[in-house]
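Engineer: Numbering (my numbering), first residue to last: 21 to 1143.
Virtual Cβ for every residue (Gly too), placed ideally from N, Cα, C.
On a predicted model such as this, the values are computed, not experimentally measured, just so you know.
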């Protein structure tokens, strides 16, 4: 039987006349509560668009809107489901639609007036409606996160080049050089630093704007110090509150008199007045900490002249008791302030931060210039644009007035993931609201599930809003706090276990300023059915002679067997979730499940670049674009489509030739696969500039029988991954092949292995905890519990820190290794950042365990000695296992079943459920012969565009000239300008020419094309004043049985009466050949090709070939010849 212990709280939250701040645990149905409130509001507003509901993902917004429309349509059809809760929602839906009739009713049921969107979706509406007020150009396109990262990296690279080209006395150049020196001349590290700061520039606040508006260093120092002192004041405030309310605080004067009367040594270190939260009193607090606390940060047990400099006999006085009564919280805060920075000593650190900000300001200008040139905008500028458009109370904008009139009710889901900028936008929207005007704010979220700090989520905002949303010059809006506690997801046993673990250990005594969250016990919605659910924990202890990889392998193998064991008894419809803390953990468990033959549904699994078959295909693309990239060519020789032995590759490398392609020529007669590879690569060289790179790579891969060979190695999953890569390669097209290659290399870092369609019915899911948020599984497995977030990465401190406490930003630079000096601000921020990071790790663990509905299994590797600061350590500490000893073995410890070094014995006779059978080994197959032949007019046997009498390099040169000239003429036909010599050089380099030759040939081609552009027929035929025209027109027909004629015509136009076919020829006259003889030779040689093109076009258009002119255009002597 389902019960709802907090039913009254839920009913209260549906009061549409009040503001609410709802804190909801995992599985509490908070999204359902928002839906119910929206349905209630729809029956009370004059227009559905008066309701604005926002969440933080498009998927969540779409699901919420879809659910509401489903209920409204069910209400319109007067449906009954038999489910009490759903039917109550339908009744609310009936009340809502009863207010509307005719067209307005249809609009409501279509969802057109329902404003359910993401925060960025709303910002886009604001900026689109008011581009001038937002300061953004109309028509800008919002780019995704990965493209933003790519553009930020481009801006970082360009600004480095720009600043280094400035005069040596330029402040920005000097700042850049300082940052380079700090990074030990590591340009990549500097690029990463600039890129990351561009992404979080909205968090730099006034520090960025002070230098950006031309203020001097003194004002920057003043602002920097102001922010530091404000953060210190926040931290000292709690000490002041505690001591002011204590006995010693209330009798401070008497305490000073006592010390003075007894001539205490510590008297000179004790302030005459009780210290306050002002930053100038920091030194007083630090001196008090030396008197009250030991070096270990504990309250003293011994008091006297040698212990704190206090009078003899102090232990027997009431003052000692007064100090002891200050409590643990006071001791914790007092110990913390010992490491706070000395505000008189950080001038050098400010200089380093000023350098950093100067570089970022220059990079920001470069980044925005790049974005404008591409017509795009990123999320940060979108939010800042919306904030600007919404003005303020002092500076009211038309946009603010419009939204103030339009919106009556605001609902925000997942409010714990709000950033500081997003919160300011919400504050602006509330700027004109007055008490009793009927407008309401509804905030709902779970601070324990705030796991998106990398997206600038600030969980402290959740608690700040609970006390009241502050507004400029107006009374704050104070929502009614509501605490939901009912968990509809998990069994009572799991809920009890989570309550105990997190309430007593993991989330006990939170510090909100460090983004540590308070834990509220959940209550099960279902009565206990009598079964006892005990979470299981398998501990794998590393043996003396055992490597770390081997013990991890033992854990992964055991995990796979436990999942297999669960699969054998899985009920229909049940699911299993295997959740890892970070994506780098996936590979280990994927391999174990593969060996066990357990199909998985993997969500955003391995990176596409980490899949060997995709890496080989990417190397093939690099080899095609970069003929001189020997590493990529060598990698191709070891790819599945060649698999040459190392000894043969060695012989190839020692052969004559400037490139691998040339070296391979001596081996193709003896090795058929080398001949096939070289032939396929030669074809790509003739199409690389004229066709899309993705088409060229796909064709080469197919010619090399890549799909068959990949399928034989890794099955359909490997082929699917390769096809996914080719699709993304196509999406990256837009510039030169080199630009496409650079973009796909960048994109590969964020692309993941596509879902294997052969495992789509598997009930076993493998994903990260972040990917599992919002999901639930009947049975959860959480491996690698020994993961420690603070020890992830290379262990090196970050180059800079950007920390914000209650909206106050402070930036510090890592200590410069060249100069030995104190870095008190950096160390201060580093400790704060560590505390915030650990707070998020605790929340991440909470999200992991609360995905489970019925059972929970955990595993990890442990040395058996010191408890790690992470999930494994937290659980072991909670159940009372501090270290391994003879007394610790398999058994139940405080509600957790523990196994020590369990054996990974294969389970036999497991009956596989339907839909998750082992995938059979693919059988060999042989393709049928192609039922037709393909003939290309450009490859007729009597045609040889470049002549057999040319040497290898001259033939390469002739081919390269032809390809590049055709590419540029095609661009001219599309209305593009004639490019510069540098662009032509890049194209020629991709054809295999060396730098010196490419430079000379580029100038020749440019001169040749300039002469063509002055010739009247060329200007006419490449123009756009035709009823119809096409360049590089692909065309085919079947004139003979089983023979398809297919070709690509350089240029076809229709002048209103007749069609013109133009074939560009880039040949040059032979030695001592006259112009007339050259023209006649070209005419005779290529007439059959033009005749075939004419027949193809006539067949395709259904016209007589008498209506078609055929022309050869000789670019070297700009002349056209009608054939």
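Enumerated in chain order, which unbroken segments of the alpha helix (DSSP H) with a length of 4 residues or greater are wholly contained in the segment 1095–1139?
Structural biologist: 1095–1121
Engineer: Taking the CB atoms as reference points, tell me whether residue 40 and residue 502 lie closer together than 8 angstroms.
Structural biologist: Walking along the chain shown from the start, residue 40 turns up at place 20. Walking along the chain shown from the start, residue 502 turns up at place 482. Taking the C-beta atoms as reference points, residue 502 is found nearer than 8 angstroms to residue 40.
Engineer: Of the residues 450, 599, 358, 344, which one's Cα is nearest the Cα of residue 847?
Structural biologist: Taking the chain shown and counting its residues from 1, the one referred to as residue 847 is at position 827. Of the listed residues, the one whose Cα sits closest to residue 847 is 358.
Engineer: When DSSP labels each residue in this structure, what does residue 800 get in the three-state scheme?
Structural biologist: Counting from 1 along the chain shown, the entry for residue 800 is found at position 780. It is a strand residue.
Engineer: Are the beta-carbon atoms belonging to residue 860 and residue 471 less than 8 angstroms from one another?
Structural biologist: Along the chain shown, one-based indexing puts residue 860 at 840. Along the chain shown, one-based indexing puts residue 471 at 451. A contact, by the Cβ cut-off of 8 angstroms.
Engineer: At the level of alpha carbons, what is the spacing between residue 923 and residue 747?
Structural biologist: Reading the chain shown from its first residue, position 903 is the one you call residue 923. Reading the chain shown from its first residue, position 727 is the one you call residue 747. Roughly 44 angstroms between the two C-alpha positions.
Engineer: Take the Cβ of residue 304 as the centre, count every other Cβ of all protein chains shown within 10 Å, and call the residue buried at 16 or more, exposed below.
Structural biologist: One-based indexing of the chain shown puts residue 304 at position 284. That one is buried.
Engineer: Within the segment 820–893, note down every full beta strand (DSSP E) run reaching 3 residues or more, in order along the chain.
Structural biologist: 820–825, 828–833, 872–882
Engineer: Enumerate in chain order the residues of its own chain whose CB-to-CB distance from residue 595 is below 7 angstroms, with the five nearest sequence positions on each side excluded.
Structural biologist: What you label residue 595 is simply residue 575 of the chain shown in a count that begins at 1. Cβ contact annotation for residue 595 (same chain, cutoff 7 angstroms, sequence separation greater than five): 783, 785, 797, 798, in chain order.
Engineer: Is the Cβ-Cβ distance between residue 223 and residue 385 less than 8 angstroms?
Structural biologist: Residue 223 sits at position 203 when you count from the first residue of the chain shown. Residue 385 sits at position 365 when you count from the first residue of the chain shown. Not a contact, by the Cβ cut-off of 8 angstroms.
Engineer: Please report the distance separating the alpha-carbon of residue 485 from that of residue 832.
Structural biologist: Along the chain shown, read from residue 1 onward, the residue named residue 485 stands at position 465. Along the chain shown, read from residue 1 onward, the residue named residue 832 stands at position 812. Cα-Cα distance, rounded: 28 angstroms.
Engineer: I need the straight-line Cα distance from residue 913 to residue 900, nearest angstrom please.
Structural biologist: The count along the chain shown starts at 1 and reaches residue 913 at position 893. The count along the chain shown starts at 1 and reaches residue 900 at position 880. Their backbone Cα atoms lie some 7 angstroms apart in a straight line.
Engineer: Nearest-angstrom Cα distance between residue 1109 and residue 957?
Structural biologist: Here the question's residue 1109 lines up with position 1089 in the chain shown. Here the question's residue 957 lines up with position 937 in the chain shown. The alpha-carbon atoms of residue 1109 and residue 957 are separated by roughly 5 angstroms.
Engineer: If you reduce the DSSP assignment to three classes, tell me which class residue 1067 lands in.
Structural biologist: Here residue 1067 corresponds to residue number 1047 of the chain shown, with the count starting at 1. In this structure, residue 1067 counts as strand in the three-state DSSP scheme.
Engineer: So which of 795, 600, 607 has the shortest CA-CA distance to residue 808?
Structural biologist: Locating residue 808 in the chain shown gives position 788, where the first residue counts as 1. Distance from the Cα of residue 808 is smallest, within the candidate group 795, 600, 607, for 600.
Engineer: From 285, 284, 308, pick the residue whose C-alpha is nearest to that of residue 293; which is it?
Structural biologist: Numbered from 1 along the chain shown, position 273 holds the residue referred to as residue 293. Residue 308 is the option with its Cα nearest to residue 293.
Engineer: What residue does the beta strand (DSSP E) around residue 465 start on, and which one ends it?
Structural biologist: Indexing the chain shown from 1 puts residue 465 at position 445. Per DSSP, residue 465 belongs to the beta strand (DSSP E) from 460–465.
Engineer: Just the C-alpha distance for residue 98 and residue 110, rounded to the nearest angstrom, thanks.
Structural biologist: By one-based count along the chain shown, residue 98 stands at place 78. By one-based count along the chain shown, residue 110 stands at place 90. Distance between the alpha carbons of residue 98 and residue 110: 8 angstroms.
Engineer: Determine the direct distance from the alpha carbon of residue 882 to that of residue 496, and round the result to whole angstroms.
Structural biologist: To locate residue 496, count along the chain shown from 1; it is residue 476. To locate residue 882, count along the chain shown from 1; it is residue 862. Near 50 angstroms, if we compare the C-alpha coordinates of residue 882 and residue 496.
Engineer: Whole angstroms are fine: how far does the CA of residue 140 sit from the CA of residue 401?
Structural biologist: The count along the chain shown starts at 1 and reaches residue 401 at position 381. The count along the chain shown starts at 1 and reaches residue 140 at position 120. Our two residues, residue 401 and residue 140, have alpha carbons roughly 11 angstroms apart in a direct line.
Engineer: So residue 1084 and residue 983 are in contact, right, with Cβ under 8 angstroms, and what is the actual spacing, rounded?
Structural biologist: For the purposes of this step, residue 1084 is taken as residue 1064 along the chain shown, with counting starting at 1. For the purposes of this step, residue 983 is taken as residue 963 along the chain shown, with counting starting at 1. Contact flag wrong, Cβ pair sits at about 11 angstroms.
Engineer: Using 8 angstroms as the threshold, is the segment 136–152 in touch with the segment 62–77, meaning 3 or more CB pairs across them?
Structural biologist: yes
Engineer: Determine contact between the segment 34–52 and the segment 89–104, defined as no fewer than three beta-carbon pairs at a distance below 8 angstroms.
Structural biologist: no
Engineer: Just mark residue 36 as buried or exposed, buried being the case when its beta carbon has 16 or more other beta carbons within 10 Å.
Structural biologist: In the chain shown, the residue the question calls residue 36 occupies position 16. Classification for residue 36: buried.
Engineer: What's the gap between the Cα of residue 424 and the Cα of residue 67?
Structural biologist: By one-based count along the chain shown, residue 424 stands at place 404. By one-based count along the chain shown, residue 67 stands at place 47. Taking the straight line from one Cα to the other gives about 15 angstroms.
Engineer: For residue 182 and residue 387, I'd like the C-alpha separation in whole angstroms.
Structural biologist: Along the chain shown, one-based indexing puts residue 182 at 162. Along the chain shown, one-based indexing puts residue 387 at 367. Cα-Cα distance, rounded: 12 angstroms.
Engineer: So for residue 56, helix, strand or coil by DSSP?
Structural biologist: Taking the first residue of the chain shown as 1, we reach residue 56 at position 36. Helix at residue 56.
Engineer: Is the CB-CB distance between residue 1009 and residue 1018 below 8 angstroms?
Structural biologist: In the chain shown, the residue the question calls residue 1009 occupies position 989. In the chain shown, the residue the question calls residue 1018 occupies position 998. Yes, these two residues count as a Cβ contact at 8 angstroms.
Engineer: Start and end of the alpha helix (DSSP H) containing residue 172?
Structural biologist: Along the chain shown, read from residue 1 onward, the residue named residue 172 stands at position 152. Residue 172 -> alpha helix (DSSP H) spans 165–184.
Engineer: Taking the alpha carbon of residue 89 as the point to measure from, which residue in 128, 108, 288 has its own alpha carbon closest?
Structural biologist: Translated into positions along the chain shown, residue 89 becomes position 69. Comparing Cα-Cα distances from residue 89 to each of 128, 108, 288, the minimum goes to 128.
Engineer: Quick check on residue 62: buried or exposed, where buried means 16 or more other Cβ atoms within 10 Å of its Cβ?
Structural biologist: Against the chain shown, residue 62 aligns to sequence position 42. Residue 62 should be labelled buried.
Engineer: Among 188, 745, 238, 288, which has the Cα closest to the Cα of residue 330?
Structural biologist: Walking along the chain shown from the start, residue 330 turns up at place 310. For the residues 188, 745, 238, 288, the minimum Cα distance to residue 330 belongs to 288.
Engineer: Skipping 5 residues on each side, what residues in its chain have a beta carbon closer than 7 angstroms to that of residue 679?
Structural biologist: Numbered from its first residue, the chain shown carries residue 679 at position 659. Here the set comprises 647, 648, 1012.
Engineer: Which residue comes first and which comes last in the beta strand (DSSP E) that contains residue 40?
Structural biologist: Stepping through the chain shown from its first residue, residue 40 is reached at position 20. First-last of the beta strand (DSSP E) with residue 40: 40–43.
Engineer: Let me know the secondary structure DSSP gives residue 517 once reduced to three states.
Structural biologist: Residue numbering aside, residue 517 sits at position 497 when the chain shown is read from its first letter. Correct three-state label for residue 517: helix.
Engineer: For residue 721, which residues of its own chain have a beta-carbon under 8 angstroms away from its beta-carbon, when the five flanking residues on both sides are left out?
Structural biologist: By one-based count along the chain shown, residue 721 stands at place 701. Within the same chain, residue 721 has close Cβ partners 637, 640, 661, 727, 742, 746.
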